[in-house]
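Sequences listed follow chains A and B, in order. The first sequence finishes on residue 857 if you use our numbering, and the numbering steps up by one all the way, no holes. The second sequence finishes on residue 857 if you use our numbering, and the numbering steps up by one all the way, no holes.
There are 2 protein chains.
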Amino acid sequence: MTKEELMRKAISLSVRNVADGGGPFGAVVARDGEIVSTGVNRVTDEHDPTSHAEVNAIREACRKLGTFDLSGCEIYTSCEPCPMCLGAIYWARLDRMYYGNTKADAAAIGFDDAFIYREMELSPENRRLKSEECLHEEALAAFAAWSLKPDRSEY
Amino acid sequence: MTKEELMRKAISLSVRNVADGGGPFGAVVARDGEIVSTGVNRVTDEHDPTSHAEVNAIREACRKLGTFDLSGCEIYTSCEPCPMCLGAIYWARLDRMYYGNTKADAAAIGFDDAFIYREMELSPENRRLKSEECLHEEALAAFAAWSLKPDRSEY
Chain A
703 MTKEELMRKA ISLSVRNVAD GGGPFGAVVA RDGEIVSTGV NRVTDEHDPT SHAEVNAIRE
763 ACRKLGTFDL SGCEIYTSCE PCPMCLGAIY WARLDRMYYG NTKADAAAIG FDDAFIYREM
823 ELSPENRRLK SEECLHEEAL AAFAAWSLKP DRSEY
Chain B
703 MTKEELMRKA ISLSVRNVAD GGGPFGAVVA RDGEIVSTGV NRVTDEHDPT SHAEVNAIRE
763 ACRKLGTFDL SGCEIYTSCE PCPMCLGAIY WARLDRMYYG NTKADAAAIG FDDAFIYREM
823 ELSPENRRLK SEECLHEEAL AAFAAWSLKP DRSEY
């Protein structure tokens with residue numbers, strides 16, 4: 703499939719998902735022009751704020767391929783990803799991203815991606831989300847244990 | 703439980719998770735001083751790049767409470783969250799975050815959070831991740847359908 707065909711698949715998923723009661727978002731993970739997995743936004747009916755199209759497509763692709771590393775794959779998303787999904791795309795090591803709508807389009811219909819992007823750039827004390835460091839010295843114990851573990855699975 | 707006790711729980715989860723073969727990260731979602739859910743990092747053994755402690759604790763709390771909205775809850779995480787998890791915290795509408803280790807500590811033991819934070823701040827064309835807009839006009843169809851849907855579940 704061409705990149706346009708793969709994007710049309712992501713778009714058609716996003717359109718159908720609105721009719722199915724979900725959010726207007728769809729995504730496809732593909733490798734060498736073949737669909738590996740798809741995902742749509744099911745936040746409200748699954749009661750899962752992480753159930754975004756890209757996260758779902760990535761989780762499904764990893765399940766199918768038996769790996770947490772999607773190097774060699776590309777993601778087609780009907781909308782520029784929110785920070786959560788963009789983070790997931792980096793952790794999944796996808797080679798490339800294609801997007802249809804932009805985050806400005808998403809903001810225009812009431813999705814808060816742009817707000818979260820702005821918050822990301824602030825230091826914790828300046829964010830709307832109240833946050834506080836707590837027991838830093840004790841928390842370092844796990845990192846020390848990790849660094850000393852000879853058989854750790856790095857990723 | 704006090705905030706220190708809840709953070710110690712997150713830290714002890716992170717320490718035990720290293721011994722169990724996972725990454726050095728643990729998290730607790732709590733409401734009114736009571737634990738609602740816990741999560742640890744299981745990326746490598748679950749083959750899921752989104753299986754971070756905070757995402758898992760949020761998903762579990764939402765499952766238990768039957769909602770995608772964790773207003774009134776707080777998250778205690780053994781390490782300052784990566785962009786994916788911070789995004790999830792915003793989408794879940796948690797009231798407050800407490801963290802133990804910082805993202806600088808995470809970078810020092812080889813986790814790429816700081817790199818992903820830097821990428822977030824760049825426009826798509828300047829990121830390491832190759833990305834490209836595709837079929838923007840066609841993609842807008844789902845957003846138009848969403849905006850016109852009288853019974854949409856906004857969130």
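All C-beta atoms, glycine included, are put in the ideal place defined by N, C-alpha and C.
- For residue 737/A, no CB of chain B lies under 8 Å from its own CB, so it is not counted at the interface with that chain.
- For residue 818/B, the enclosing alpha helix (DSSP H) covers residues 815-822.
- A Cβ-Cβ distance of about 12 Å is found for the pair residue 703/B and residue 800/B, leaving them out of contact under the 8 Å criterion.
- Chain order gives no chain B residues near residue 820/A, where near means a beta carbon separation below 7 Å; the closest approach is about 10 Å.
- Counting C-beta pairs closer than 8 Å gives fewer than three between the segment 735-749 of chain B and the segment 779-786 of chain A, which falls short of the contact rule.
- DSSP places residue 711/A in the uninterrupted alpha helix (DSSP H) bounded by 705-721.
- In this structure, DSSP gives residue 855/A a state outside helix and strand, which the three-state scheme calls coil.
- Among the residues of chain B, those whose CB is under 8 Å from the CB of residue 726/A are 844, 845, 847, 848, following chain order.
- Note that the C-beta distance between residue 705/A and residue 730/A is not below 8 Å.
- Beyond the five residues adjoining it in sequence on each side, residue 822/A comes within less than 6 Å, by CB distance, of 785 in the same chain, given in chain order.
- In the same chain as residue 735/A, and ignoring 5 residues on each side of it, the C-beta atoms closer than 8 Å to its own belong to 703, 704, 708, in chain order.
- Runs of alpha helix (DSSP H) with 4 or more residues, each lying fully within the segment 739-827 of chain A, are found at 745-748, 755-767, 785-794, 805-810, 815-822, listed in chain order.
- The residue among 743/B, 761/B, 833/B with its C-alpha nearest the C-alpha of residue 795/B is 761/B.
- Going by DSSP, residue 842/A is part of the alpha helix (DSSP H) stretching over 838-850.
- Within the DSSP secondary-structure output, residue 728/B pairs in a beta bridge with 742/B.
- Ranking 737/B, 754/B, 732/B, 738/B by CA distance to the CA of residue 716/B puts 754/B first.
- Going by beta carbons, residue 758/A and residue 774/A fall outside the 8 Å limit.
- If you draw a straight line from the Cα of residue 797/B to the Cα of residue 727/B, it comes to about 21 Å.
- If the five residues before and after residue 803/A are omitted, its C-beta is found closer than 7 Å to the C-beta atoms of 780, 781, 782, all from its own chain and listed in chain order.
- Contact check for residue 849/A and residue 723/B: beta-carbon distance about 15 Å, past the 8 Å limit, so the pair fails to qualify.
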